[in-house]
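**Q**
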Ligand code: CA
């Protein structure tokens, strides 16, 4: 069971929201909206549990939605054909693709259970993995006390009374942030911290007055053009993945509170006038107004953060089963030296026994954060794990920003996480070339042992900002970092059949003719399919009699050329007897028992050119014979073959 996805969470959200309608609040509209949020959250949570066989758990997922990762290049004819097939015959609606990852988001059109569709697709050897589109949530943090206005906070901060001036300190835990700010270099690289959450109220005085919000300077505002070519139009402030817009405004409150803690870890946010911000907050909204989001949107947000310059990503959210798509995104961040900080969860759960994602993914640049109190006790709600939760940070009664220029107190691992994200930014500000792994090590080495975390976290310690910032000054940036242990869990069925028959099996019915689909999309896919399948098969040996007459898409030409085939570390030599735009016919039996992807070197008819074509040994059920599909051939290879075949005799 997910630490964040329980029914009881939704119920307590409702209870919390009901409590907070009591008219002591300075902003009734905000509180009223949160009540509605709680009710919607409760209703939504009551009908979206699906069983997922592969994950061995019941995790919340978006009804009918799956994420599919295909093997090989997304530009390959094979992958494009797979997509066409999935839409035209697989009963799936295509909702989007991650270009370059060969990862695709589908919705099941009919009433088939999602786990049945997943199991069916996992059996296809062209599929690397397929998984539900899990639902993710902000943790059910507790709001403590009333919201107050920024005017009140600033008046208190400027008061001559030390009691008043310290009353809105973010945390009274002995984490030595003010000392760290004193020790920090006056100038330094401005580090961007992505807050992947419910959005941020970027108009809040704390962010506006300090200049803390990230601005995409390569984008011209409101010109309707993707000026920087990053795939997002007018993304000046970040992005709203939940509603697919360029406005990451917070409609929940969680993300704004988290962002205030990130900023507050780097400077005093109650002081007035504020100092210029030393960091930048990049708001990436993927949780909706109910605090709910999906794996597909979280993945998009993480790639956006990495590709647009964030060096730290704050993840105060979680849920769902083990997601290969999310692991890949997080590994991408890690490999780009981006620090990942994640909330351990608020279920008083031992994450060693029952993992909480994304905090529990074993990525060396990911910091899983438990929440401690001002007195260094483990907060009663905090998840822990002697092997999987790393370090404690203050998460009890933390003051920070709320939307509409208010300020308030909340408790949760969501609040502990941004202290570590802010500290990571301070560390990188001192030493911007450190790897994510090194930043994590500096957070760990600076932390102070506390008894309550002795058997609850890997470091047995609670963070100390001063120690870590001081150590960062003299740290020497490393050129490498450990490999991530978190990897995509491939489907066993796909591995067993990886020799390559499934493609043909999956595509078989497309030989029936162009009537099988309608509309431009299907026609395009059908064309791709023909290009790939009809001619691509090169006969290597007839296993059985050809069952039916087969019409070639491309004419076949006689050729006599030596070819070299590399199967793993074995190199086999044979000769080509015919060739077409789709494939070559070869006459050696030696390759038959070597399945999988092969690299083939083909000489031109005059022997003066040589091209290398990637292919996969496949069995054609229609043609009852083996072949090598040219699905991964690049355009220049196909151009060469086209040029050669002009002067060749047709083969039978
Ligand atoms: Ca853009």
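In the working numbering, the protein residues as written are 115 to 766. Backbone N, C-alpha and C fix where the C-beta goes; we use that ideal spot for every residue, glycine too.
Tell me whether residue 333 counts as near ligand 1, meaning its Cβ is closer than 7 Å to at least one heavy atom of that ligand.
**A** True, at least one ligand heavy atom lies under 7 Å from that Cβ.
**Q** With a cut-off of 8 Å on the beta carbons, I'd call residue 326 and residue 394 a contact; round off their distance for me.
**A** Indeed they touch by this definition, with Cβ atoms about 6 Å apart.
**Q** In terms of alpha-carbon separation, which member of 447, 427, 223, 210 lies closest to residue 202?
**A** Comparing Cα-Cα distances from residue 202 to each of 447, 427, 223, 210, the minimum goes to 223.
**Q** With distance defined between alpha-carbon atoms, name the residue in 443, 403, 435 nearest to residue 416.
**A** Closest option to residue 416, Cα to Cα, is 443.
**Q** Heavy atom of ligand 2 less than 7 Å from the Cβ of residue 358, yes or no?
**A** For ligand 2, the structure offers nothing, since it holds only ligand 1.
**Q** Judging by CA-CA distance, which residue of 188, 675, 445 is the nearest neighbour of residue 214?
**A** Comparing Cα positions, the closest option is 188.
**Q** With a 10 Å radius around its C-beta and 16 neighbouring C-beta atoms as the bar for buried, classify residue 753 as buried or exposed.
**A** Result: exposed.
**Q** Express the C-alpha separation of residue 251 and residue 433 in angstroms, rounding to a whole number.
**A** Between residue 433 and residue 251, the C-alpha separation is close to 6 Å.
**Q** From this set, 484, 493, 211, 454, which residue's C-alpha is nearest residue 476's C-alpha?
**A** Here the closest residue by C-alpha is 454.
**Q** Roughly how many whole angstroms lie between the Cα atoms of residue 520 and residue 480?
**A** Distance between the alpha carbons of residue 520 and residue 480 is about 31 Å.
**Q** Thinking just about the alpha-carbon of each residue, which of 458, 560, 448, 473 is nearest to the one in residue 596?
**A** Considering only alpha carbons, the answer is 448.
**Q** For my contact list, residue 342 and residue 360 are in at a C-beta cut-off of 8 Å; report their separation, rounded to the angstrom.
**A** With 8 Å as the limit, residue 342 and residue 360 do not qualify as a contact, their Cβ atoms being about 13 Å apart.
**Q** In whole angstroms, what separates the C-alpha of residue 304 from that of residue 755?
**A** Computed Cα separation, rounded: 52 Å.
**Q** Under 6 Å Cβ to Cβ from residue 323, same chain only, skipping five residues before and after it: list those, please.
**A** Within the same chain, residue 323 has close Cβ partners 388.
**Q** Taking all protein chains shown into account, decide if residue 309 is buried (16 or more other Cβ within 10 angstroms of its Cβ) or exposed.
**A** Under this definition residue 309 is a buried residue.
**Q** Does the beta-carbon of residue 347, which I'm using as the reference point, lie nearer than 7 Å to any heavy atom of ligand 1?
**A** Because some heavy atom of ligand 1 lies under 7 Å away, the Cβ of residue 347 counts as near it: yes.
**Q** Does residue 484 come out as helix, strand or coil in the three-state DSSP assignment?
**A** Strand at residue 484.
**Q** Can we count residue 344 as close to ligand 1, meaning its CB is less than 7 Å from some heavy atom?
**A** Yes.
**Q** Would you mind working out which of 544, 590, 385 sits nearest residue 580, comparing C-alpha positions?
**A** Nearest of 544, 590, 385 to residue 580, Cα basis: 544.
**Q** Tell me residue 257's beta-bridge partners as DSSP assigns them.
**A** BP columns for residue 257 point to 524.
**Q** Between residue 245 and residue 233, what straight-line distance do the alpha-carbon atoms span, to the nearest angstrom?
**A** The alpha-carbon atoms of residue 245 and residue 233 are separated by roughly 9 Å.
**Q** Once DSSP output is grouped into helix, strand and coil, what is the label at residue 464?
**A** Here residue 464 sits in strand by DSSP.
**Q** Can you give me the Cβ contacts of residue 385 inside the same chain, cut-off strictly under 6 Å, excluding the 5 residues immediately before and after it?
**A** Excluding residues within five positions, the ones whose Cβ falls inside 6 Å are 271.
**Q** Between the segment 328–344 and the segment 482–499, do at least 3 Cβ pairs fall closer than 8 Å?
**A** The segment 328–344 vs the segment 482–499: no contact.
**Q** Beta strand (DSSP E) containing residue 215: first to last residue?
**A** Careful: residue 215 lies outside any beta strand (DSSP E) and carries neither H nor E.
**Q** Would you decide whether residue 760 is buried or exposed? Buried here means 16 or more other CB atoms lie within 10 Å of its CB.
**A** Exposed: under 16 other Cβ atoms inside 10 Å.
**Q** Alpha carbon to alpha carbon, how far is residue 574 from residue 559?
**A** Spanning the two alpha carbons is a distance of roughly 11 Å.
**Q** For residue 261 and residue 227, I'd like the C-alpha separation in whole angstroms.
**A** For residue 261 and residue 227, the distance between alpha carbons rounds to 45 Å.
**Q** Just to confirm, does residue 341 get its C-beta within under 7 Å of one of the non-hydrogen atoms of ligand 1?
**A** Yes.
**Q** Could you pull out every unbroken beta strand (DSSP E) segment of at least 3 residues lying fully inside the segment 276–334, listed in chain order?
**A** DSSP runs (the beta strand (DSSP E)) wholly in the segment 276–334: 305–311.
**Q** For the segment 346–413, list the alpha helix (DSSP H) runs that are entirely contained and at least 4 residues long, ordered along the chain.
**A** Those alpha helix (DSSP H) runs which fall completely within the segment 346–413 and span 4+ residues are 368–378.
**Q** Specify whether the segment 278–297 and the segment 399–412 touch according to this definition: at least 3 beta carbon pairs, one from each stretch, less than 8 Å apart.
**A** Not touching, per the Cβ criterion.
**Q** Contact check, residue 452 vs residue 413 under 8 Å by CB: the rounded distance?
**A** No, residue 452 and residue 413 are not in contact; Cβ-Cβ is about 14 Å, not under 8 Å.
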